[in-house]
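*Asks:* For the sequence shown, full-length UniProt numbering assigns the number 1 to the initial residue and increments by one for each residue that follows.
Every residue gets a Cβ at the ideal spot worked out from N, C-alpha and C, and that includes glycine.
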Amino acid sequence: MSLGENVKNCELKIQTTVSSFTEQDCIDKMTGMFEVLSKRRSLLNLLFLKHSMMKLGREKSLVLFQEKGAFKILERTFTSTNAEYLNNLIDIFIYLRSSRPICMNALDSFEIIEKERFFRYLRHSVGLYALFEQCKEECTYLDKIINYALQQEEIGEELDFLHKLSYDTHFDEITLDITKYKEKFKDMQTYKRLERLLIKNKDTTDTKTDILNNSTKTDILNNSTKTDILNNSTKTDILNNNTDNNTNSDIYKNNKEIKNFNSIFNNVNNTNNKIYSDSVILHNKHNIINNTNDNNLYNNKLNNDNILYKQKYEEIEKKYNELYKKYNEILISKNTTNNIKNDINTTNTNIKNDIKIKNDIKNDIITNTDKNTDIKNNVILPNKPAVPKKKFSFKKKEDNTTNTNVISNNTTGNTGNTTGKKKLSFKKAAPKSKLETAKKYVGIRWSKVPKGKKSIFVGVDIPKVEDKFTLGDFASFEKGEEEKKDDKKKVTDVKKDAKKEMACILDGKKSMSLGIALGRIKMPDEQLYREIIERKFTNETVIKQLVLYMADPEEYAAIRKANKEKLNRAELFFYAVEDYSKFEGALAAIQFLNLYQGDDYKEQIEEVVEKYSRIINCKELKELFGILLVLGNQLNRNGFGGKAEGFSFDSIEKFKTKEIKAFLKKHFDFSTLQNKLKDIKIEFSVDALVYKFMEVKGAYKKGVVDDKEYQRLVGEYDKMCSLQKEIVGYFLVESDEKLTEKLEQFIKYFVK
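1. If you follow the alpha helix (DSSP H) that D707 is part of, which residue opens it and which one closes it?
2. Using a threshold of 9 angstroms, state whether the C-beta atoms of residue 755 and V7 are closer than that.
3. What separation, rounded to the nearest whole angstrom, lies between the Cα atoms of A586 and K55?
4. Tell me the start and end of each unbroken alpha helix (DSSP H) in the region 100-171 that is at least 4 residues and wholly inside, in chain order.
5. On the premise that E158 lies in contact with A149, defined as a C-beta separation below 8 angstroms, what is that separation, rounded to the nearest angstrom?
6. Go through its chain and collect everything with a Cβ distance to E23's Cβ below 8 angstroms, but skip five positions before and after it.
7. At a cut of 8 angstroms, does the region 736-744 reach the region 656-664 through at least three beta carbon pairs?
8. Roughly how many whole angstroms lie between the Cα atoms of residue 755 and Q66?
9. In angstroms with no decimal places, state the Cα-to-Cα distance between V63 and L506.
10. Take R117 and list the residues in its own chain whose beta-carbon comes closer than 8 angstroms to its own, dropping the five residues that flank it on each side.
11. Please work out which residues of its chain come closer than 8 angstroms, Cβ to Cβ, to F693, disregarding the five sequence neighbours upstream and downstream, and give them in chain order.
12. If you measure between the beta carbons of E607 and I532, is that distance less than 9 angstroms?
13. Could you say which of E695, C135, R120, F625 lies nearest to D25 if we only look at CA atoms?
14. Kindly give me the distance between the Cβ atoms of L43 and N9, rounded to whole angstroms, as I take these residues to be in contact under 8 angstroms.
15. Within 10 angstroms of its Cβ, does N45 collect 16 or more other Cβ (buried), or is it exposed?
16. What separation, rounded to the nearest whole angstrom, lies between the Cα atoms of S581 and K29?
17. Identify whether F93 lies in helix, strand or coil by the three-state DSSP scheme.
18. Beta-carbon within less than 8 angstroms of E584's beta-carbon, same chain only, minus the 5 sequence neighbours each way: which residues are those?
19. Would you report the Cα separation of G156 and D187, rounded to the nearest angstrom?
20. Report, in whole angstroms, the separation of the C-beta atoms of V751 and Q674, which I expect to be a contact under 8 angstroms.
21. Assuming the contact rule is C-beta atoms closer than 8 angstroms, K182 and E154 should be a hit. Round their C-beta distance to whole Å, please.
22. Following the continuous alpha helix (DSSP H) through E59, name the residue where it begins and the one where it ends.
23. Classify residue 813: buried if its beta carbon has 16 or more other beta carbons within 10 angstroms, exposed otherwise.
24. Can you confirm whether the region 557-576 touches the region 535-542 when touching is taken to mean that 3 or more C-beta pairs between the two stretches lie within less than 8 angstroms?
25. In whole angstroms, give me the CA-to-CA distance for S513 and L713.
26. Which whole-angstrom value is the C-beta distance of A570 and G508, which I expect to be below 8 angstroms?
27. To the nearest angstrom, report how far apart S38 and G519 are at their CA atoms.
28. Which class does E653 belong to by DSSP, given the choice of helix, strand or coil?
29. Can you give me the Cβ contacts of S685 inside the same chain, cut-off strictly under 8 angstroms, excluding the 5 residues immediately before and after it?
30. Going by DSSP in three states, E555 sits in which element: helix, strand or coil?
31. At 4 residues or longer, and completely inside the region 567-631: list those alpha helix (DSSP H) runs for me, N to C.
32. Just confirm the distance between the C-beta atoms of V165 and L107, as a whole number of angstroms; I'd bet it's less than 8 angstroms.
33. Considering E183, what are the terminal residues of the alpha helix (DSSP H) in which it resides?
34. Buried or exposed for D538, going by 16 or more other Cβ atoms inside 10 Å?
35. Is there at least one non-hydrogen atom of the ligand FAD closer than 8 angstroms to the beta-carbon of L739?
36. Roughly how many whole angstroms lie between the Cα atoms of K180 and E114?
Given below as structure tokens:
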């Protein structure tokens with residue numbers, strides 16, 4: 001039997017075992033699996049975890065995973081080289097949809113993991129920044145994954161994860177020409193989405209370059225030299241205006257003043273570049289969305305982006321106001337000191353020209369990006385965002401990363417303090433609400449927005465909005481009236497609920513599952529009850545269902561008092577149960593007997609104990625591994641693997657060469673070792689045996705079998721579990737699966 005078939009058979013047995021678990025059983029089992037997997041990687045443990053998790057359900061499993069820190073435990077096991085283990089591990093992350101960043105170890109195991117599963121895992125992950133890291137092949141993980149997808153004969157949804165990367169700062173580096181692979185795509189809608197995304201990426205890069213490097217209009221954003229701040233030789237030569245006169249050039253000859261001005265400009269420029277270019281990218285994003293036929297898919301995103309766009313636009317406006325007011329103040333201050341009338345006139349002219357150029361730039365950006373779209377129907381794009389006429393005072397913020405002070409001005413043109421010291425300010429108390437009252441209303445459960453969070457409510461004048469209402473407008477929401485209106489409804493609802501309770505006492509899941517199981521038994525309920533009490537009924541499926549969906553004492557009491565004509569199939573059976581405690585005890589006894597007699601546990605447990613004991617206590621085997629260690633160190637004396645203190649069990653395959661075989665036969669007696677470790681191969685999975693008998697222990701019922709014999713078997717089982725842990729540590733392996741088979745084959749190779 002192949003490894004894949006063996007795993008499949010084990011998984012079916014595990015699935016059957018887990019199907020009878022209660023919710024608490026699943027939680028206990030998963031907690032145990034977390035502890036085991038934190039110490040070693042085990043495929044069978046992982047399969048138990050996977051099916052227990054699915055039985056428990058996604059929401060409850062997520063809570064348990066977060067409480068136990070299980071995500072970190074499982075992510076560390078991505079270093080496994082077992083394909084079956086990695087594929088099942090990926091299944092767990094896909095099922096939970098935990099919105100976690102992609103694991104670097106998972107990226108390193110890309111070649112081993114089944115690709116369809118890997119791409120699903122990629123699409124469910126957030127924080128894909130790790131894809132831009134370098135891998136062993138001296139390229140990024142992203143290049144490696146994209147190249148694999150493009151080399152396939154057909155391309156499905158493999159590249160859909162690129163949409164999540166579109167907001168990453170490195171996304172501009174992707175220069176993929178998707179049009180070359182158009183014929184490979186199964187779904188043209190997928191191709192079109194990717195085409196729009198990658199073309200948008202190219203257009204965005206070009207747009208950003210045009211904005212930041214425009215030599216005639218937008219050199220305001222580029223501080224190319226410290227003395228030439230707004231570098232425009234024809235129209236916007238504000239500082240070096242050669243057309244009027246040479247007085248402006250004299251203004252900035254003072255190096256100290258130039259340094260002061262440039263420090264102000266640089267404070268704004270770094271932030272300004274990002275905000276301005278981001279706003280254009282955001283605006284282009286609207287254009288692309290509106291040109292597609294997928295308006296339904298992007299409708300919500302469009303509304304959110306519209307709000308972000310307006311906020312970005314307002315920030316641009318504030319930063320530019322600050323820049324030009326500072327620039328204006330410096331020029332006026334210098335001109336006043338020197339009392340040069342012509343310079344003042346020239347400066348004022350330059351400032352007017354500069355403000356005009358600034359407005360031209362903004363209008364040009366908006367009109368260029370808005371030519372081929374229907375954005376007017378969806379997004380309001382004002383030439384200048386509306387600013388409230390009220391006077392606002394902004395506190396100075398200190399940026400620790402750049403050690404610069406960013407100063408925000410109010411709309412009246414006053415500038416903040418540039419000394420870096422905080423000013424004490426006393427805010428005015430909020431005006432008393434005009435709708436204040438002692439009346440109680442029904443209330444509404446909502447989540448309040450924390451202070452300082454930007455939202456749609458920023459700038460809302462609450463007192464002004466309250467002026468539109470009176471207390472009489474809210475009369476219908478008062479608590480007293482609502483309770484009176486609902487009095488009659490509550491009485492009728494109670495009556496209806498009482499009728500429903502009598503119609504169905506067991507919950508829907510219990511009723512349906514038991515109804516299906518009992519429907520297969522062609523005997524009256526009274527007869528079935530008697531056979532179970534006498535322990536003559538042996539149908540394992542029905543017994544499991546009855547144990548799993550057993551009515552609790554309250555439900556049983558309600559069924560016994562109910563009208564028999566109104567009971568469903570499952571409830572009718574419990575109606576026939578005369579003694580609840582006897583029935584429950586008989587069910588548990590039959591369940592234990594079925595599990596205990598389901599396999600020859602005694603023979604299997606004793607076999608494992610005997611063979612593992614022989615291996616651990618074999619001195620000749622320890623001597624052989626010592627020789628192998630010395631041999632390996634000598635062969636690696638001047639190489640990478642020298643001076644080792646041990647080696648992994650899987651490395652014994654590397655010693656299977658003719659030269660090493662001849663060497664070892666001269667220095668070690670393999671015949672003695674073979675006699676001591678004869679027939680050590682174990683045909684069944686020890687892990688599966690451990691968990692099957694664990695279930696037997698959980699269902700144990702005293703007096704059903706010979707208790708002394710059972711306790712002796714439990715003692716042997718505990719000894720087996722101890723030996724299993726010991727042998728795993730003895731050979732430095734993750735699992736004892738197929739260990740005895742490999743060891744037996746290794747010894748036979750050198751005996752021949």
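*Replies:* Quick look at the numbers:
1. For this step, residue 707 is matched to residue 707 along the sequence shown. Where D707 is concerned, the enclosing alpha helix (DSSP H) stretches over 707-730.
2. With the chain represented from 1 up to 752, any question about residue 755 goes unanswered, as that position is not in the structure.
3. Translated into positions along the sequence shown, residue 586 becomes position 586. Translated into positions along the sequence shown, residue 55 becomes position 55. Those two C-alpha atoms are separated by around 26 angstroms.
4. 104-108, 115-124, 141-151, 162-165
5. Reading the sequence shown from its first residue, position 149 is the one you call residue 149. Reading the sequence shown from its first residue, position 158 is the one you call residue 158. Contact holds; Cβ gap of about 4 angstroms.
6. The sequence position of residue 23 within the sequence shown is 23, counting from 1. Hits under 8 angstroms: L56, K60.
7. no
8. Because the chain here runs from 1 to 752, residue 755 falls outside it and cannot be looked at.
9. In the sequence shown, counting from the first residue as 1, residue 63 sits at position 63. In the sequence shown, counting from the first residue as 1, residue 506 sits at position 506. Looking at the two C-alpha atoms, the distance is approximately 27 angstroms.
10. Against the sequence shown, residue 117 aligns to sequence position 117. Once the five neighbours on either side are set aside, the close Cβ partners of R117 are N87, I90, D91, I94.
11. Here residue 693 refers to the residue found at position 693 of the sequence shown. Same-chain partners within the cutoff: Y601, I605, Y717.
12. As a position in the sequence shown, residue 607 is number 607, starting the count at 1. As a position in the sequence shown, residue 532 is number 532, starting the count at 1. No.
13. The residue you call residue 25 lines up with position 25 of the sequence shown. Cα-wise, what sits closest to D25 is E695.
14. As a first step, residue 43 is located in the sequence shown; it is residue number 43 there, counting from the start. As a first step, residue 9 is located in the sequence shown; it is residue number 9 there, counting from the start. Not a contact, Cβ separation roughly 13 angstroms.
15. Looking up residue 45 in the sequence shown gives position 45. Classification for N45: buried.
16. The sequence position of residue 581 within the sequence shown is 581, counting from 1. The sequence position of residue 29 within the sequence shown is 29, counting from 1. Roughly 28 angstroms separates the two Cα atoms.
17. Numbered from 1 along the sequence shown, position 93 holds the residue referred to as residue 93. Of the three classes helix, strand and coil, the one that applies to F93 here is helix, per DSSP.
18. For the purposes of this step, residue 584 is taken as the residue at position 584 of the sequence shown. Here the set comprises M550.
19. If you number the sequence shown from 1, residue 156 lands on position 156. If you number the sequence shown from 1, residue 187 lands on position 187. Approximately 7 angstroms, taken between the alpha carbons.
20. Within the sequence shown, numbered from 1, the residue matching residue 751 stands at position 751. Within the sequence shown, numbered from 1, the residue matching residue 674 stands at position 674. That belief holds up - the Cβ atoms of V751 and Q674 are roughly 5 angstroms apart, short of 8 angstroms.
21. The residue given as residue 182 occupies position 182 in the sequence shown. The residue given as residue 154 occupies position 154 in the sequence shown. About 12 angstroms; that fails the 8 angstroms criterion.
22. Translated into positions along the sequence shown, residue 59 becomes position 59. Here the alpha helix (DSSP H) through E59 covers 58-68.
23. Because the chain here runs from 1 to 752, residue 813 falls outside it and cannot be looked at.
24. no
25. Looking up residue 513 in the sequence shown gives position 513. Looking up residue 713 in the sequence shown gives position 713. Between S513 and L713, the C-alpha separation is close to 35 angstroms.
26. Residue numbering aside, residue 570 sits at position 570 when the sequence shown is read from its first letter. Residue numbering aside, residue 508 sits at position 508 when the sequence shown is read from its first letter. In fact, because the Cβ distance is near 10 angstroms, the residues do not count as touching under 8 angstroms.
27. As a first step, residue 38 is located in the sequence shown; it is residue number 38 there, counting from the start. As a first step, residue 519 is located in the sequence shown; it is residue number 519 there, counting from the start. Going from the Cα of S38 to the Cα of G519 covers about 45 angstroms.
28. Locating residue 653 in the sequence shown gives position 653, where the first residue counts as 1. Helix at E653.
29. The sequence position of residue 685 within the sequence shown is 685, counting from 1. So the list reads N6, C10, L44, E737, once near-sequence residues are dropped.
30. Here residue 555 refers to the residue found at position 555 when the sequence shown is read from its first residue. Three-state DSSP puts E555 in a helix.
31. 569-576, 580-596, 601-616
32. The residue given as residue 165 occupies position 165 in the sequence shown. The residue given as residue 107 occupies position 107 in the sequence shown. Sequence check: residue 165 is Leu here, not Val. Wrong, their Cβ atoms sit about 14 angstroms apart, outside the cutoff.
33. For this step, residue 183 is matched to residue 183 along the sequence shown. First-last for E183: undefined, no H or E at that position.
34. Working through the sequence shown from its first residue, we reach residue 538 at position 538. The question names Asp, yet the displayed sequence has Thr at residue 538. By the 10 Å Cβ count, T538 comes out exposed.
35. Among the components modelled here there is no ligand, and therefore nothing to report on the ligand FAD.
36. Your numbering for residue 180 matches position 180 in the sequence shown. Your numbering for residue 114 matches position 114 in the sequence shown. Cα to Cα, K180 sits roughly 26 angstroms from E114.
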